[in-house]
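>
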Amino acid sequence: MKFDFGDLYKFVVSAGLALVGMSILSVWLIFKEPFDLNVKESDLLLLTPVAQEVIKYRQHVVGLLVAFSMWAIPITAFAGFCLSVWGLQKWKQQQSIVDELAELGLEEKKVAIRPKTDDEIALSDQSEGVICDVQVARSANARLQRPSYIDKALVKKLHYYLPVEYKVDPNMLISGAEVDFVLTSSHWLHKDYLIEVKYIRKGFNLGWLSQVALKLRTASVLYSNVTNRIPNTCLLIVVADSAWNAEKYADLKDRFFSAYPKRAAKHRISIMSESRFEGITSEAMSLEMGLPIKNANT
-19 MKFDFGDLYK
-9 FVVSAGLALV
1 GMSILSVWLI
11 FKEPFDLNVK
21 ESDLLLLTPV
31 AQEVIKYRQH
41 VVGLLVAFSM
51 WAIPITAFAG
61 FCLSVWGLQK
71 WKQQQSIVDE
81 LAELGLEEKK
91 VAIRPKTDDE
101 IALSDQSEGV
111 ICDVQVARSA
121 NARLQRPSYI
131 DKALVKKLHY
141 YLPVEYKVDP
151 NMLISGAEVD
161 FVLTSSHWLH
171 KDYLIEVKYI
181 RKGFNLGWLS
191 QVALKLRTAS
201 VLYSNVTNRI
211 PNTCLLIVVA
221 DSAWNAEKYA
231 DLKDRFFSAY
241 PKRAAKHRIS
251 IMSESRFEGI
261 TSEAMSLEMG
271 LPIKNANT
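The opening position of the sequence shown corresponds to residue -19 in this note's numbering, with each subsequent residue numbered one higher.
Right under this line is the structure:
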């Protein structure tokens, strides 16, 4: 485990511990050192007038310090304790983010070794060949245009169904992590949302689903660290009707959440056919995607 202890929090905790230490040391000095307080009056008279004045002055100062310390020591100790607790709390928040990012990074590496999806195989085969046929060229063009169409259609649905306080920001970078849409609310009590959209023409497997979903969770941790707002996420996968298999994709979704159950309610995965996406209702957006909507009965 790598500790992330910012310089500010190091200073705060160190200052707090120093104040507590000074308080304890002050108590020890008061009870340990005599500070000329045990000088007898008869012995004092034997000294020179100057020495008598110096000792009396030192005794007076010590008396003031002791009287002042009755208030200063508890206040200093309490302030030092509060500073230390605050610094440790901030450190704990930073450390939890570091630990979660490290855990997600490790899980991403574990699922990085996986079979290619049907879409990836088709794309690889197409890239290795030379496009010399009009039909093939049209197919490649359609492959590029369809995801763009899905994104634009989703933007229209979001603007129509979301409450007015939400703002839709497409194609966002969060500390280097790419997210298709970020939904931010002007109301501080409302959740923000990160949405990643994938269009599937032929099919996908559990390894691909895990890789994409974990990357989105990593983006949510980075977003929380930057904004101090913990977002919900939604991975929306739109599958072409020709490749749709409800039983297969429901099973993949269940297997993923069985392997990664942490905060499952906060990280939604919605898999639907292209035709269902075209006619999606506000109720489906609320129940399946977990998004806030104006009216669930639309």
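Ideal Cβ placement from N, Cα and C applies to all residues, glycine included. Remember, it's a predicted structure, so these values are computed and weren't measured experimentally.
Mapping DSSP to helix, strand and coil, what is residue -8?
Looking at residue -8 - three-state DSSP - the assignment turns out to be helix.
> Put residue 244 into one of helix, strand or coil per three-state DSSP.
Reduced to three states, the DSSP call for residue 244 is coil.
> If you draw a straight line from the alpha carbon of residue 95 to that of residue 195, how long is it in whole angstroms?
The alpha-carbon atoms of residue 95 and residue 195 are separated by roughly 18 Å.
> Anyone know if the C-beta pair for residue 249 and residue 236 falls short of 8 Å?
A contact, by the Cβ cut-off of 8 Å.
> Taking DSSP as the reference, what is the three-state secondary structure of residue 4?
The answer is helix: DSSP assigns residue 4 an H, G or I state.
> By Cβ distance, which residues of its chain are closer than 6 Å to residue 50, with the 5 residues on each side in sequence left out?
Around residue 50: no qualifying Cβ.
> Where does residue 225 sit, in a helix, a strand or coil, going by DSSP?
In the structure shown, residue 225 sits in coil (DSSP, three-state: anything other than H, G, I, E or B).
> For my contact list, residue 187 and residue 98 are in at a C-beta cut-off of 8 Å; report their separation, rounded to the angstrom.
Residue 187 to residue 98, Cβ: 13 Å. No contact.
> Give the DSSP-derived three-state secondary structure of residue -3 in the structure shown.
Here residue -3 sits in helix by DSSP.
> Please determine, among 254, -11, 155 and 179, the residue with the shortest C-alpha to C-alpha distance to residue 63.
Per the Cα distances, -11.
> Looking only at its own chain, which residues have a Cβ that is under 7 Å from the Cβ of residue 89, when we skip the five neighbours before and after it?
There are no such residues.
> Is it true that the CB of residue 67 sits closer than 8 Å to the CB of residue -4?
Taking 8 Å as the Cβ cut-off, residue -4 and residue 67 qualify as a contacting pair.
> Going straight from the alpha carbon of residue 136 to that of residue 81, what length do you get?
Using only the alpha carbons, I get a separation of about 33 Å.
> Do you know offhand how far residue 258's Cα is from residue 129's?
Cα to Cα, the separation comes out at about 11 Å.
> If you check the beta carbons only, do residue 155 and residue 206 fall under 8 Å apart?
Yes, the Cβ-Cβ distance between residue 155 and residue 206 is below 8 Å.
> With DSSP collapsed to three states, give me the class of residue 202.
In this structure, residue 202 counts as helix in the three-state DSSP scheme.
> Are at least three pairs of beta-carbons, each pair with one atom in the stretch 142 to 151 and one in the stretch 159 to 173, less than 8 Å apart?
The stretch 142 to 151 is in contact with the stretch 159 to 173.
> With C-beta atoms as the reference, is residue 215 less than 8 Å away from residue 176?
Yes, these two residues count as a Cβ contact at 8 Å.
> Leaving out five residues on either side along the sequence, give the residues of the same chain with a beta carbon under 8 Å from the beta carbon of residue 265.
Here the set comprises 137, 141, 271 and 273.
> Please state the DSSP three-state secondary structure of residue 265.
Three-state DSSP puts residue 265 in a helix.
> Is the beta carbon of residue 57 less than 8 Å from the beta carbon of residue 3?
A contact, by the Cβ cut-off of 8 Å.
> For residue 224, tell me which candidate among 255, 126, 246 and 87 has the shortest Cα-Cα distance.
Among 255, 126, 246 and 87, the Cα nearest to that of residue 224 belongs to 255.
> Using a threshold of 8 Å, state whether the C-beta atoms of residue 174 and residue 146 are closer than that.
It is not a contact, given that the beta carbons lie outside the stated cut-off.
> What separation, rounded to the nearest whole angstrom, lies between the Cα atoms of residue 260 and residue 59?
C-alpha separation (whole angstroms): 57 Å.
> Threshold first: 3 residues or longer. Then list the beta strand (DSSP E) segments lying entirely within the stretch 50 to 104, N to C.
Listed in chain order, nothing qualifies, since the stretch 50 to 104 has no complete beta strand (DSSP E) run of 3 or more residues.
> Judging by CA-CA distance, which residue of 210, 69 and 267 is the nearest neighbour of residue 169?
Ranking 210, 69 and 267 by Cα distance to residue 169 puts 210 first.
> Just verifying my parser: in three-state terms, what is the DSSP assignment at residue 149?
The answer is strand: DSSP assigns residue 149 an E or B state.
> For the alpha helix (DSSP H) that contains residue 257, what are its first and last residues?
Start and end: 254 to 258.
> Is the Cβ-Cβ distance between residue 244 and residue 181 less than 8 Å?
No.
> Going straight from the alpha carbon of residue 72 to that of residue 234, what length do you get?
Their backbone Cα atoms lie some 32 Å apart in a straight line.
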